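According to full-length UniProt numbering, the sequence shown is numbered sequentially starting from 1. The beta-carbon is built from N, C-alpha and C at its ideal position, and this holds for glycine as well. Just so it is clear, the structure is predicted and the values come from calculations on it, not from any experiment.
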Amino acid sequence: NCMLGVEKDQVWMGSEDSVIYIISMVAMVCNRQLTEHRAEVTGLALDTEKYSQKVAYSCSAEGTVMVWDVSTLQVKRHFRLSCDRLQSVYSCNNTLWCCSRDSIMEVWRNGSMKHRLNLPEQQKGSTSMFSSILLLPEREELWSVCVDSGEVCIWYIKDTTKPSHRVALQDCTGCYCMIKVKNQVWVGGVGRSPTKGKVYILDTERYQVLKELHGHNDKVTALCSAEDRYVLSGAGKHDGKIAIWKVE
């Protein structure tokens with residue numbers, strides 16, 4: 001479900017079988033397994049605590065968040081969030097942002113809830129669910145997209161009562177992933193025809209769609225930036241291709 005580069009020679013992989021596999025980039029083998037989770041591991045993040053101690057966060061579908069000491073691979077603490085399928089965890093300015101299908105939660109590092117952000121009013125009661133969030137700390141913004149909506153919502157981190165901006169994506173029925181590249185946000189989604197995978201490029205300053213890219217025959221579910229010069233996009237099983245785009 002997720003991957004994270006930890007230290008210079010380790011990659012952690014969160015799996016559907018509830019295990020975190022640690023792969024040595026030197027030996028190219030899996031040399032350790034972390035088996036404390038009891039449901040599929042859906043998100044991983046890295047942070048530094050006091051005394052420059054590096055910690056990793058992992059979350060699993062049923063709402064558990066674990067904090068790992070990277071040097072000893074021991075669980076330092078863990079907590080449980082009440083939500084519908086916890087999907088990802090991010091660390092930002094001494095708090096954690098956790099995205100589930102029905103809410104986005106800002107949580108203190110000890111697990112106590114600071115703030116819960118629910119689906120925008122227009123999308124409540126529908127089948128819509130959060131699919132991805134993107135934090136832009138330098139702009140004090142949180143961007144969110146939903147599985148069954150062709151709209152990007154931008155929230156101010158200090159006031160999340162309602163989105164401060166909304167950007168409608170033309171001919172889009174759902175969004176699945178987002179990344180920041182330079183002063184742009186790239187969004188992976190699907191058009192009205194399910195065989196129309198799309199990538200939308202948005203301007204973070206003006207909240208406008210700059211370009212719409214077509215290159216996939218299924219929904220675009222993964223985006224990756226290569227040194228801000230290229231973006232790689234991957235789509236669903238009916239497509240099976242990786243597209244490489246040059247960043248302008």
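Can you give, in chain order, each stretch of the beta strand (DSSP E) that sits fully within the region 13-47 and has at least 3 residues?
20-24, 29-34
Relative to the C-alpha of Val247, which residue among Ala226, Ser112, Ser132, Leu34 is closest?
Ala226
When the Cα of Gly63 is compared with those of Leu213, Ile244, Val152, Gly43, which residue comes out closest?
Gly43
Residue from Tyr176, Lys162, Asp159, Met113 whose Cα sits closest to the Cα of Leu134:
Tyr176
Going by CA-CA distance only, name the one from Ser52, Glu106, Arg101 that's closest to Val147.
Arg101
Nearest to Pro194 by CA position, among Asp171, Arg85, Glu205, Ser71, is which residue?
Asp171
Bridge partners for His238 per DSSP, in chain order?
Answer by DSSP bridge pairing: none, since His238 is not bridged.
What residues in its chain sit with their C-beta under 8 Å from that of Gln10, if we drop five residues either side in the sequence?
Ile22, Ile23, Ser24, Met25
Identify whether Lys50 lies in helix, strand or coil by the three-state DSSP scheme.
helix
Nearest residue (CA-CA) to Leu86, options Phe79, Asp159, Ala61:
Ala61
Just tell me which of Met178, Asp228, Thr204, Leu210 has its CA closest to the CA of Thr221.
Met178
Report the partner residues of Arg80 according to the DSSP bridge assignment.
Thr64
Do Gly191 and Ser233 have their CB atoms nearer than 8 Å?
no
Option nearest Thr35 by Cα separation, candidates Ile20, Trp245, Glu49:
Ile20
Compute the beta-carbon to beta-carbon distance between Ala56 and Leu4, rounded to the nearest angstrom, for a pair I have assumed lies under 8 Å.
7 Å
Opposite Glu106 in the DSSP bridges: which residues?
Trp97, His115
Roughly how many angstroms separate the alpha carbons of Arg139 and Lys182, rounded to a whole number?
13 Å
Of the choices Ala45, Trp143, Trp68, whose alpha-carbon is the least far from that of Gln33?
Trp68
Does the beta-carbon distance from Val145 to Ser132 come in below 8 Å?
yes
Determine the burial state of Leu117: buried for a count of at least 16 other Cβ atoms within 10 Å of its Cβ, exposed for fewer.
buried
Local Cβ density within 10 Å of Asp239, reported as buried at 16 or more and exposed below that
buried
By the three-class DSSP mapping on this structure, what secondary structure does Arg139 have?
helix
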